[in-house]
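K.L.:
One structure coming up, written as structure tokens, with questions to follow.
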Amino acid sequence: MGDVVRVLVVLVIVLAACGRPPEVEGYQGRGPIAFADGLDTSAGGQIKELVKQWNAQHGDDEEVTFHEMPASTDAHRAQLTARAQDLAGVDRAEHRARCYDVVTVDVVWTAAFAAAGYLEPVLEKEFPLGSLLPQLVDASRHDGRLWAVPWRADVGLLYYRRDVLEAAGRQPPRTWDELVELATTVAPRYGLAGYLGQFARYEGLTANVAEVVWAHRGDLLRPDEPGARAAVHRLASGFAEGWIPRAALDYQEVASRDAFRAGGALFLRHWPNALPQLNAPGSPVAGRVDFVPLPGPGALGGWNLAVSRCSTHQKTAAEFINFLIGEQNQRALHRSAGFPPTWTALYRERGLERLRDVMTGARARPVSPYYDELTGIIQESLHDALEKPETVDAEVARLAEDLDDARKGR
């Protein structure tokens with residue numbers, strides 16, 4: 001009797017299992033995918049070359065189509081957001097035709113994109129996360145889950161004209177007081193502007209101002225406290241006194257790099273991928289430029305890879321991400337395009353030691369699903385303050401009130 005019962009129990013379990021849908025483990029679906037990344041400004045179009053390498057290895061069945069987003073980070077974000085919103089409510093066939101299966105997202109967008117439902121959660125076992133920079137992995141988490149895989153790291157650097165400082169018998173600055181002194185004395189002696197950065201009304205402005213605020217021991221989200229207020233006054237004074245040219249109020253990455261490349265300034269705040277362009281053949285400053293850490297923490301940035309929720313070929317998408325973040329491909333991107341790798345072991349290699357030290361001291365901007373609203377408020381007030389230095393105190397007070405309202409959901 002006991003044997004009969006045992007057989008019946010086994011049969012019940014088997015039949016029940018047959019009636020359940022099979023458990024799904026890992027990403028599902030293979031096929032052609034679309035990849036959306038920013039404008040490929042790397043020397044030799046290295047990102048396009050990586051896509052070509054993948055396609056040569058995988059053929060038409062899993063072909064990747066590369067879609068270049070605008071160079072501006074704000075426009076890049078707006079285009080990804082518009083595409084994701086357009087797909088809401090359309091049928092599956094339309095998803096397949098219009099979905100960006102793999103997207104690059106700025107590290108500061110990740111929480112907002114995840115909260116909006118645009119991204120598929122990362123299946124952590126599918127990726128070598130233990131080999132990647134932990135601070136960038138952590139910055140890609142929201143609400144207890146990982147939403148993107150770090151690919152290209154970024155950090156603010158201070159570029160300077162090595163030839164000019166050597167001729168003047170001076171060393172690169174380590175503090176903002178030293179930087180201002182060099183920008184107001186040495187730079188004009190050599191017919192140069194003192195300092196360039198990215199001060200247009202976009203995300204770059206938030207990063208640039210955050211770095212100065214941190215150097216003054218302030219908090220960007222508490223702009224009416226002494227450190228942040230002093231930092232904004234410092235930059236506004238630069239525009240008022242002329243050691244930061246007023247043209248920089250419209251500069252994003254390309255314009256600021258090109259102005260420095262033309263020999264127009266002593267100092268430039270920029271990202272690591274500017275160096276290959278500054279030292280490229282034909283550059284007026286080639287061989288005469290070097291970099292040091294900023295006076296204070298650089299803004300930790302980076303572009304991470306995510307699988308879109310709309311993708312029906314997520315297995316291919318995940319494998320393509322693993323291809324892009326591979327150690328060899330990251331090494332090639334750094335050597336040819338200046339993109340700092342997210343693969344930790346590469347920072348032991350020659351030529352990356354200085355960047356490793358800068359990355360270690362870097363600081364992330366706030367991680368929040370409401371970051372877009374916060375940074376928009378910051379950009380509006382601070383751009384007005386820099387454009388009209390006499391309004392700094394009023395703008396800082398308004399900014400503090402607006403940020404407080406935003407945090408309270410008003």
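Our numbering puts the first residue of the sequence shown at 1, with every later residue one more than the last. Every residue gets a Cβ at the ideal spot worked out from N, C-alpha and C, and that includes glycine. Everything numeric in this text was worked out from a predicted model, so none of it was measured.
Over the uninterrupted alpha helix (DSSP H) stretch that includes E211, give me the two end residues.
P.N.:
Note, E211: alpha helix (DSSP H), E203 to A215.
K.L.:
Going by alpha carbons, who is nearest to W303 out of A139, V358, W151 and P284?
P.N.:
Closest by alpha carbon: W151.
K.L.:
Which value, in whole angstroms, describes the spacing of the CA atoms of G194 and L182?
P.N.:
When rounded, the distance between both Cα atoms is 8 Å.
K.L.:
Is it true that the CB of R365 sits closer than 8 Å to the CB of V108?
P.N.:
Against a cut-off of 8 Å, the Cβ pair of R365 and V108 comes out as a contact.
K.L.:
Alpha carbon to alpha carbon, how far is G29 from E211? Give it in angstroms, no decimals.
P.N.:
Taking the straight line from one Cα to the other gives about 43 Å.
K.L.:
Tell me where the alpha helix (DSSP H) around G44 begins and ends.
P.N.:
No alpha helix (DSSP H) holds G44; DSSP gives it neither H nor E.
K.L.:
What residue does the beta strand (DSSP E) around F339 start on, and which one ends it?
P.N.:
That residue, F339, is in no beta strand (DSSP E); it is neither H nor E in DSSP.
K.L.:
Rounding to the nearest angstrom, what Cα-Cα distance links A168 and T342 in this structure?
P.N.:
C-alpha separation (whole angstroms): 37 Å.
K.L.:
For G26, tell me which candidate among L333, A400, A332 and E319 has the shortest Cα-Cα distance.
P.N.:
Among L333, A400, A332 and E319, the Cα nearest to that of G26 is on E319.
K.L.:
Can A400 and P284 be called in contact, C-beta distance under 8 Å?
P.N.:
Not in contact: A400 and P284 (Cβ atoms no closer than 8 Å).
K.L.:
Helix, strand or coil: how does DSSP classify N273 here?
P.N.:
Three-state DSSP puts N273 in coil, outside helix and strand.
K.L.:
I'd like the list of long-range same chain contacts for V155, defined as Cβ closer than 8 Å, with 5 residues on each side in sequence excluded.
P.N.:
Cβ neighbours of V155 beyond the five flanking positions: W271, P272, G298, A299, L300, G301, P340, L355, V358, M359 and A362.
K.L.:
Give me the residue from A111, N208, S131 and V164 with the minimum Cα distance to D143.
P.N.:
Ranking the options by Cα distance to D143, first place goes to A111.
K.L.:
Note down, one range per segment and in chain order, each alpha helix (DSSP H) of at least 4 residues found wholly within the region 217 to 248.
P.N.:
Runs of the alpha helix (DSSP H) inside the region 217 to 248: 226 to 241.
K.L.:
So, is Q411 buried or exposed, given that buried needs 16 or more other C-beta atoms within 10 angstroms?
P.N.:
In this structure the chain extends from 1 to 410, so residue 411 is not present and cannot be described.
K.L.:
Measure the Cβ-Cβ separation of F199 and L403 and say whether it is below 8 Å.
P.N.:
Cβ atoms of F199 and L403: not closer than 8 Å.
K.L.:
Can at least three beta-carbon pairs, one atom from the region 61 to 69 and one from the region 35 to 50, be found at a separation below 8 Å?
P.N.:
A contact exists between the region 61 to 69 and the region 35 to 50.
K.L.:
For D250, count neighbouring C-beta atoms within 10 Å of its own C-beta (all shown protein chains included) and say buried if the count is 16 or more, exposed if not.
P.N.:
Exposed: under 16 other Cβ atoms inside 10 Å.
K.L.:
Provide the residue span of the beta strand (DSSP E) that contains G194, from first to last.
P.N.:
G194 -> beta strand (DSSP E) spans A193 to L196.
K.L.:
Between which two residues does the alpha helix (DSSP H) harbouring P392 extend?
P.N.:
A quick correction: the sequence has Val, not Pro, at residue 392. Start and end: V392 to R407.
K.L.:
Taking the CB atoms as reference points, tell me whether D74 and Y160 lie closer together than 8 Å.
P.N.:
In this structure, Y160 does not lie closer than 8 Å to D74 by Cβ.
K.L.:
Taking the straight line between their C-alpha atoms, what separation do you get for V147 and E390?
P.N.:
It is Trp, not Val, that sits at residue 147 in the sequence shown. Going from the Cα of W147 to the Cα of E390 covers about 43 Å.
K.L.:
I need the straight-line Cα distance from R407 to D393, nearest angstrom please.
P.N.:
Using only the alpha carbons, I get a separation of about 21 Å.
K.L.:
Taking the alpha carbon of A139 as the point to measure from, which residue in H313, G263, E49 and A153 has its own alpha carbon closest?
P.N.:
Answer by Cα proximity: A153.
K.L.:
My parser needs the beta strand (DSSP E) runs of 3 or more residues fully inside the region 63 to 110; what are they?
P.N.:
List check, beta strand (DSSP E) in window: 64 to 68 and 102 to 106.
K.L.:
Answer yes or no: do A337 and Q53 have a C-beta to C-beta separation smaller than 8 Å?
P.N.:
No, Cβ-Cβ distance for A337 and Q53 is not below 8 Å.
K.L.:
Less than 8 Å between the C-beta atoms of L374 and L205, yes or no?
P.N.:
Not in contact: L374 and L205 (Cβ atoms no closer than 8 Å).
K.L.:
At what residues does the beta strand (DSSP E) containing F35 begin and finish?
P.N.:
Run containing F35: I33 to D37, per the beta strand (DSSP E) assignment.
K.L.:
Which one of G264, Q79, R98 and F127 has the shortest CA to CA distance from R189?
P.N.:
Out of G264, Q79, R98 and F127, G264 has the C-alpha closest to the C-alpha of R189.
K.L.:
Select from Q135, A78 and P128 the residue whose C-alpha is nearest the C-alpha of Y118.
P.N.:
Cα-wise, what sits closest to Y118 is A78.
K.L.:
Please report how far the alpha carbon of P172 lies from the alpha carbon of L179, in whole angstroms.
P.N.:
Answer to the nearest angstrom: the Cα atoms are 8 Å apart.
K.L.:
Work out the CA separation of H313 and I33 for me, nearest whole Å.
P.N.:
Distance between the alpha carbons of I33 and H313: 7 Å.
K.L.:
Bridge partners of D290, per DSSP?
P.N.:
For D290, which the question treats as bridged, DSSP gives the partners Y160.
K.L.:
Could you spell out the range, first to last residue, of the beta strand (DSSP E) harbouring R189?
P.N.:
Taken as a continuous stretch (DSSP letters only), R189 belongs to no beta strand (DSSP E), being part of the alpha helix (DSSP H) at W176 to R189.
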